[in-house]
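The sequence shown runs 1064 to 1508 under the working numbering. Every residue, glycine too, gets a C-beta built ideally from N, C-alpha and C. Every value quoted in this text rests on a predicted model; they were computed, and no experiment measured them. The next block holds one structure in the form of structure tokens; read it before the comments.
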Amino acid sequence: MPLPSAHDVALAAERRTAARLLLAHPLVTSTGPHSDTFPLIRRHADWLAQRFQQVFGYRLLVEASYARLFKAGLGPGSGHRLQRPSTGTPFTPRTYAYLALALSVLVTAPEQLLLSQLVADLRAAAVDAGIEITDTGRQAERRTLAAALRQLVDWGVLVETEGQVTAVADERAGEALLTVDRDIARAVVAGPLTRSRDGADLVRRAADPGFGGPRTYVRRRLVETPVVHLDDLTDAEREWLRTRQRREAQAFSELLGLEAEIRAEGIALIDTDDELTDLRFPGTGTVAQAALLLVDRLVGRLRPEEAGHPAVGGRLVIGVPVPDGLLPGLLDELIEEYGGRGTWQRGHLEDRDGFLAAVLDLLVRMRLIAPVGPVRADGHGLPEEYDGTAADGRSVTDVSGARGQDPAGSGWILLAAAARYATTVARTPRTAPSPTDDPGKEPTR
């Protein structure tokens, strides 16, 4: 087989760069933060549109000033939430409501309008939709509205021609002149809104892979989540993955530069460049550090015995129940050991319940821990009329009881992927202690 030419290598690299950007940032504009790569998307638009449709069932729209990859959902509990850039605080339902109301106004708005007019139109749209808007004179409410409008600026739906949208949070009722890109406003929403009865129905319908069935859903799950455990999949999806996992690993490597890590319990696609993620783990900050240390303690205490691959006589263990009271106890230990070193935020240390909730939230999003409850293999969260059963006569890995949980119980499950993050903490002394150091303690690194 002849080696690829330099032209072929360069062509593949350009397409991979464009595909990776769209996967990480589904809305790219010609004037936004990724404007330098936008020409690559335009250059390879036809190839990218065909590949995204064939592989993931995603539709790609490329216009002169923007490109929009219309992704689909993955079902309940699998969303990628928006956050306030300044604080990292997740959007609340109220913020999403303001965002949706603003979009409903902007798709038919004039090319330019005042910020005060946008707010007035938004309030009128809320009345039409039967949504109660509390007093926008309250500071917290104004900040929530400002966060939603700031997101629209970041997407390129709004351009701050004069002033800023954050003026809406000013008690003195600041003003701004805004330019509206109606085309981008219309392209923001990806879900089947007109066919959905309510929010829950929208989430289910968005996760329907359509004609692609198990093939499309599994590929979406692999590329959009940190790890896919086998009981995250139906019988049909597990059967499809079992027979094609090596071939799919090669395809993901060529298309997106991702490397597959295949285990008995599931599969993870690893990005060695650490670009295709909205989560950083291990990461910096008090919550991320505590989460990593907590995972290490949990793995050490709950590691199952005789686990392995069923094909060679092993026992498939996807999760291990966490005993009641263990999580707050371990967090107390970590605070006692590391909290006094001055690097962990005092606010977290003073609110231990909130601290534990934030740590567990990160671990849940990383698919390292999960609340006790039904899984997709049990039919949880499937779209209507979606057939999750495997074809007759096809062998399917049995995942029943693989989390060792009581389906009617409560609590937490430590998932198999957590073992990948078990770590060892090394403590090294500074070369010269500062005057404020406690001589009886050594800093961690």
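Here Thr1152 is exposed, its C-beta having fewer than 16 other C-beta atoms within 10 Å. The C-alpha of Val1220 lies about 30 angstroms from the C-alpha of Thr1279. Of the other Cβ atoms in all chains shown, fewer than 16 fall within 10 Å of the Cβ of Thr1155; this residue is therefore exposed. Proximity of the segment 1384-1398 to the segment 1332-1345 falls short of the contact definition, fewer than three beta-carbon pairs being nearer than 8 angstroms. Taking a contact to require three or more Cβ pairs closer than 8 angstroms, the segment 1353-1367 and the segment 1435-1449 do not qualify as touching. Of the other Cβ atoms in all chains shown, 16 or more fall within 10 Å of the Cβ of Thr1229; this residue is therefore buried. Within the same chain, and ignoring the five residues on either side of Ala1211 in sequence, the residues whose Cβ sits closer than 7 angstroms to its Cβ are Thr1158, Tyr1161, Leu1162, Ala1165. For Pro1384, the uninterrupted beta strand (DSSP E) run begins and ends at 1382-1385, by DSSP.
For Arg1131, the enclosing beta strand (DSSP E) covers residues 1129-1133.
For Ile1104, the enclosing alpha helix (DSSP H) begins and ends at 1101-1106.
Looking at the DSSP output, Ala1323 shares a beta bridge with Leu1332. Nearest C-alpha to Leu1365 among Val1385, Leu1379, Ile1381: Val1385. Under the three-state reduction of DSSP, Leu1185 is assigned to helix.
Contact between Gly1329 and His1292 holds: CB atoms are separated by about 4 angstroms, below the 8 angstroms threshold.
Contact annotation, Val1168 with Asp1184: C-beta distance approximately 4 angstroms; criterion of less than 8 angstroms satisfied. Counting only the Cα atoms, Ala1299 lies some 14 angstroms from Asp1271. For Ala1440 and Ala1370, the gap between their C-alpha atoms comes out near 20 angstroms. The beta-carbon distance between Arg1282 and Phe1119, rounded to whole angstroms, is 6 angstroms. This is short enough to meet the 8 angstroms contact definition. The residue from Gly1410, Trp1407, Ile1398, Pro1277 with its alpha-carbon nearest to that of Thr1452 is Pro1277. In this structure, the CA atom of Asp1334 is about 30 angstroms from the CA atom of Ala1127. The straight-line gap separating the alpha-carbon atoms of Asp1337 and Pro1289 is approximately 12 angstroms. Val1251: member of the alpha helix (DSSP H) spanning 1245-1251, first to last residue. Between Val1383 and Gly1467, the C-beta gap is smaller than 8 angstroms, which places the two residues in contact.
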